[in-house]
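Trainee: In the numbering used here, the protein residues as written are 100 to 523.
Don't be surprised by glycine CBs; every beta carbon is placed ideally from N, CA and C.
What you are looking at is a predicted structure, and each value in this text was computed from that prediction instead of being measured.
Handing you a structure now.
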Amino acid sequence: MKRRHFLAGAAGLAVGAGLLSRPGDRGAPHLEYFARLNEELKRHGPMRPALVIDLDRLDQNIDQVLASVARVPGRHYRIVEKSLPSVSLLDYVMQRSGSRRLMSFHQPFLNTDARTWPQAEILLGKPMPVRAAENFYREHRGAFAPERQLQWLIDTPARLQQYLALAEAQDLKLRINVELDVGLHRGGVSRDVDLHAILDLLAQHPKRLRFAGFMGYEPHITAVPRVLGSQQELFAKAMAAYGHAVDVLRQRHPDLWHAELTLNTAGSPTYRLHEAESLSNDISVGTGLLKPTHYDIPTLAEHVPAVFIATPVLKATGPVNLPGLDEASRLLSWWDVNQRETFFVYGGNWQADYVSPPGLQFNALYGHSANQEIVNASSAVALRVDDQIFLRPHITESVLLQFGDLIALRDGRIVDRWPVFPAA
């Protein structure tokens with residue numbers, strides 16, 4: 100075979116293989132659900148980036164949690180406030196669930212909680228610097244009674260000493276919940292010597308400190324690689340650690356044990372697992388009610404996404420056209436049908452993934468923009484200027500604070516606008 104014939108044949112094979120590997124058309128118009136939202140937001144929405152919450156879907160998720168909690172007699176549901184940082188949203192969840200138990204993670208939010216819901220019972224979700232506790236008491240006003248309705252979370256004997264000093268200096272009585280390390284290894288009591296020191300100190304100062312219970316958080320159960328242990332094995336180890344702390348309490352200080360103790364555990368990824376145990380009596384769930392993408396996990400398979408970012412298309416400029424490449428950019432849109440349309444949307448660079456219309460993709464060569472994000476797609480998406488695109492956030496607790504008022508939807512229609520907490 101002559102060399103030029105061989106090279107020509109090889110080139111032909113390469114081109115043929117390349118054509119076979121070219122990206123297929125991933126685009127399609129909005130699915131029916133998002134098509135309805137698109138029309139509603141175009142007519143009545145703010146025409147800026149907005150966080151929309153589907154109340155019908157939220158109801159489904161709340162009901163899933165309530166059904167699970169009810170399977171263990173005497174167990175209560177605690178609402179994780181940081182994942183739902185809006186007075187109106189929390190009010191809605193409280194009314195639907197019947198729970199007045201909150202878990203708070205941020206001192207300014209804690210003061211808002213106490214002022215807004217004087218009937219609430221609040222457990223801190225992380226240990227606070229004692230100065231943050233001082234700030235809470237300095238700013239607190241209203242009927243909420245911290246000595247009866249607030250549990251401070253303590254993780255070390257040294258921190259408990261600080262809180263004791265605060266109580267003595269300000270003539271306070273503090274309810275104390277003890278954080279346990281049940282396998283997450285993010286702090287909390289893991290040694291008997293520390294647990295003994297904390298319980299001894301609580302017993303020695305009944306006028307200033309009252310033991311309120313334990314908290315053991317274990318999201319690692321569903322997150323670590325299976326090679327490190329099955330969910331069943333990790334769950335059993337976590338509950339064994341929790342049970343050991345309870346045993347130490349009852350044996351060393353039976354006087355501190357009482358029927359009203361809060362034995363808190365779980366979170367959105369693991370709450371269903373606790374149907375298999377009866378030691379804990381207080382189950383926390385927050386983000387799972389809205390189910391952002393990081394919660395697309397088997398233990399939440401029965402939950403449905405209830406929160407989306409919606410933002411309008413500002414510009415439709417045709418095939419991708421990159422700065423510097425200019426006319427040469429046509430090669431990109433020739434090669435990839437999913438770059439034959441370019442849209443610039445209002446805002447961008449969020450912790451979120453495109454969800455509708457199908458086939459939207461970020462252009463890494465152009466880069467992110469928080470002002471006008473570039474989005475490429477095929478013509479099949481059928482987007483026009485002023486149409487909305489939709490994304491699913493990865494998480495909720497910080498993302499919900501970025502868009503101003505939340506837009507509440509019922510049956511695909513806007514029914515309310517809910518302010519979020521100040522991002523202080």
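(1) Exposed or buried, what is P492 when buried is set at 16 or more other beta-carbons lying within 10 Å of its beta-carbon?
(2) Which class does D228 belong to by DSSP, given the choice of helix, strand or coil?
(3) Return the CA-CA distance between F407 and V151, expressed in angstroms with no decimal places.
(4) Kindly list the residues whose CB is nearer than 6 Å to the CB of S289, restricted to its own chain and excluding five residues on each side of it in sequence; keep chain order.
(5) With distances taken between CB atoms, is the gap from G312 to A337 smaller than 8 Å?
(6) On the three-state DSSP scale, how would you describe H352?
(7) Rounding to the nearest angstrom, what Cα-Cα distance links V164 and V384 in this structure?
(8) Rounded to whole angstroms, what is the Cα-Cα separation between P368 and I396?
(9) Return helix, strand or coil for I297, following the three-state DSSP convention.
(10) Under a Cβ-count criterion, where at least 16 other Cβ atoms within 10 Å of its own Cβ denotes burial, should D291 be classed as buried or exposed?
(11) Determine the closest residue to L360 out of K181, R121, H175, P184, with distance taken between C-alpha atoms.
(12) Report the start-end ranges of each beta strand (DSSP E) in the region 477-502 that is 3 residues or longer and not cut off at the edges.
(13) By how many angstroms is the C-alpha of K225 removed from the C-alpha of G282?
(14) Is there a C-beta anywhere in chain D that falls below 8 Å from the one on H239?
(15) Helix, strand or coil for W251 per DSSP?
(16) What number of angstroms, rounded off, separates the C-alpha of N448 from the C-alpha of H467?
(17) From the DSSP output, read off the bridge partner residues of Y445.
(18) Express the C-alpha separation of E472 and N137 in angstroms, rounding to a whole number.
(19) Where does L106 sit, in a helix, a strand or coil, going by DSSP?
(20) Measure the alpha-carbon distance for E139 versus Q460 and round it to whole angstroms.
(21) Look up P411 in the DSSP assignment and give the residues it is bridged to.
(22) Tell me the rounded alpha-carbon separation between Q269 and A232.
(23) Can you name the start and end residues of the beta strand (DSSP E) that V277 belongs to?
(24) Within the same chain, show all residues whose beta-carbon is closer than 6 Å to that of E278, passing over the 5 residues directly before and after it, in chain order.
(25) If I measure Cβ to Cβ from H143 and keep anything under 7 Å in the same chain, skipping five residues before and after, which residues do I get?
(26) Here's a check: name, in chain order, each residue in its chain whose Cβ is nearer than 8 Å to the Cβ of V229, leaving out the five neighbours to either side.
(27) Only counting the same chain, and skipping five residues up and downstream in sequence, which positions put a Cβ closer than 6 Å to that of G241?
(28) Measuring CA to CA, which of Q248, R429, I488, R147 is closest to N470?
(29) Is L360 helix, strand or coil when you go by DSSP?
(30) Tell me F313's beta-bridge partners as DSSP assigns them.
(31) Along the beta strand (DSSP E) that carries M202, what are the first and last residues, could you check?
(32) For E440, which three-state DSSP category applies?
(33) I'd like the ranges of any alpha helix (DSSP H) spanning at least 4 consecutive residues and lying wholly in the region 156-222.
(34) Is Q128 near P418, with beta carbons less than 8 Å apart?
(35) Can you list, in chain order, the residues of its chain with a C-beta nearer than 8 Å to that of V403? Leave out the 5 residues immediately preceding and following it.
(36) Keeping to the same chain, check which residues put their C-beta closer than 8 Å to that of R516; ignore five residues upstream and five downstream.
Mentor: Reading it off the structure:
(1) Within the sequence shown, residue 492 is the residue found at index 393, counting from 1. Under this definition P492 is a buried residue.
(2) Numbered from its first residue, the sequence shown carries residue 228 at position 129. For the sequence presented, residue 228 should be read as Pro rather than Asp. Reduced to three states, the DSSP call for P228 is coil.
(3) Looking up residue 407 in the sequence shown gives position 308. Looking up residue 151 in the sequence shown gives position 52. Roughly 5 Å separates the two Cα atoms.
(4) Taking the sequence shown and counting its residues from 1, one reaches residue 289 at position 190. Here the set comprises D280.
(5) Reading the sequence shown from its first residue, position 213 is the one you call residue 312. Reading the sequence shown from its first residue, position 238 is the one you call residue 337. Their beta carbons are not under 8 Å apart, which means G312 does not touch A337 by this criterion.
(6) Numbered from its first residue, the sequence shown carries residue 352 at position 253. Three-state result, H352: coil.
(7) Along the sequence shown, read from residue 1 onward, the residue named residue 164 stands at position 65. Along the sequence shown, read from residue 1 onward, the residue named residue 384 stands at position 285. Each residue's Cα considered, the two are about 8 Å apart.
(8) Stepping through the sequence shown from its first residue, residue 368 is reached at position 269. Stepping through the sequence shown from its first residue, residue 396 is reached at position 297. Straight-line Cα distance between these residues: approximately 8 Å.
(9) Along the sequence shown, read from residue 1 onward, the residue named residue 297 stands at position 198. Helix.
(10) Position 192 of the sequence shown, counted from the first residue, corresponds to residue 291. That one is exposed.
(11) Along the sequence shown, read from residue 1 onward, the residue named residue 360 stands at position 261. Checking every option, the nearest Cα to that of L360 belongs to H175.
(12) 487-492
(13) Counted from its first residue, the sequence shown places residue 282 at position 183. Counted from its first residue, the sequence shown places residue 225 at position 126. Each residue's alpha carbon lies about 16 Å from the other.
(14) Among the protein chains of the structure shown there is no chain D, as only one such chain exists.
(15) Walking along the sequence shown from the start, residue 251 turns up at place 152. Looking at W251 - three-state DSSP - the assignment turns out to be strand.
(16) Counting from 1 along the sequence shown, the entry for residue 448 is found at position 349. Counting from 1 along the sequence shown, the entry for residue 467 is found at position 368. Each residue's alpha carbon lies about 6 Å from the other.
(17) What you label residue 445 is simply residue 346 of the sequence shown in a count that begins at 1. For Y445, which the question treats as bridged, DSSP gives the partners Q471.
(18) Taking the sequence shown and counting its residues from 1, one reaches residue 137 at position 38. Taking the sequence shown and counting its residues from 1, one reaches residue 472 at position 373. Distance between the alpha carbons of N137 and E472: 19 Å.
(19) As a working note, residue 106 is residue 7 in the sequence shown. Residue confidence is low: L106 scores 35 on pLDDT, short of 50, so the model does not pin down where it sits. Its coordinate-derived value is still stated next. If DSSP states are grouped into helix, strand and coil, L106 belongs with the helices.
(20) Residue numbering aside, residue 139 sits at position 40 when the sequence shown is read from its first letter. Residue numbering aside, residue 460 sits at position 361 when the sequence shown is read from its first letter. If I take the Cα positions, the gap works out to 24 Å.
(21) Looking up residue 411 in the sequence shown gives position 312. P411 pairs with Q487.
(22) The residue labelled residue 269 in the question sits at position 170 within the sequence shown. The residue labelled residue 232 in the question sits at position 133 within the sequence shown. Between Q269 and A232, the C-alpha separation is close to 11 Å.
(23) In the sequence shown, the residue the question calls residue 277 occupies position 178. Its beta strand (DSSP E) spans residues 273-279.
(24) The residue given as residue 278 occupies position 179 in the sequence shown. Closer than 6 Å at Cβ, skipping near neighbours: L252, D254, G287, M314.
(25) Residue mapping note: residue 143 aligns to position 44 of the sequence shown, counting from 1. Contacts found: I513.
(26) For the purposes of this step, residue 229 is identified with residue 130 of the sequence shown, where counting begins at 1. Once the five neighbours on either side are set aside, the close Cβ partners of V229 are R258, Q261, Y262, A264, L265.
(27) Looking up residue 241 in the sequence shown gives position 142. If we look at G241 and ignore the five residues flanking it on each side, its Cβ neighbours are R214, P217.
(28) As a working mapping, residue 470 is identified with position 371 in the sequence shown. Cα-wise, what sits closest to N470 is R147.
(29) Looking up residue 360 in the sequence shown gives position 261. In the structure shown, L360 sits in coil (DSSP, three-state: anything other than H, G, I, E or B).
(30) Counting from 1 along the sequence shown, the entry for residue 313 is found at position 214. Paired residues: V277, L362.
(31) Indexing the sequence shown from 1 puts residue 202 at position 103. First-last of the beta strand (DSSP E) with M202: 200-203.
(32) Taking the first residue of the sequence shown as 1, we reach residue 440 at position 341. In the structure shown, E440 sits in a strand (DSSP, three-state: E or B).
(33) 186-196, 206-215
(34) Taking the first residue of the sequence shown as 1, we reach residue 128 at position 29. Taking the first residue of the sequence shown as 1, we reach residue 418 at position 319. Residue identity check: residue 128 is Pro in the sequence provided, not Gln. Their beta carbons are not under 8 Å apart, which means P128 does not touch P418 by this criterion.
(35) Along the sequence shown, one-based indexing puts residue 403 at 304. The residues are R156, Q159, N160, K390.
(36) For the purposes of this step, residue 516 is taken as the residue at position 417 of the sequence shown. Excluding residues within five positions, the ones whose Cβ falls inside 8 Å are D504, L505, I506, A507.
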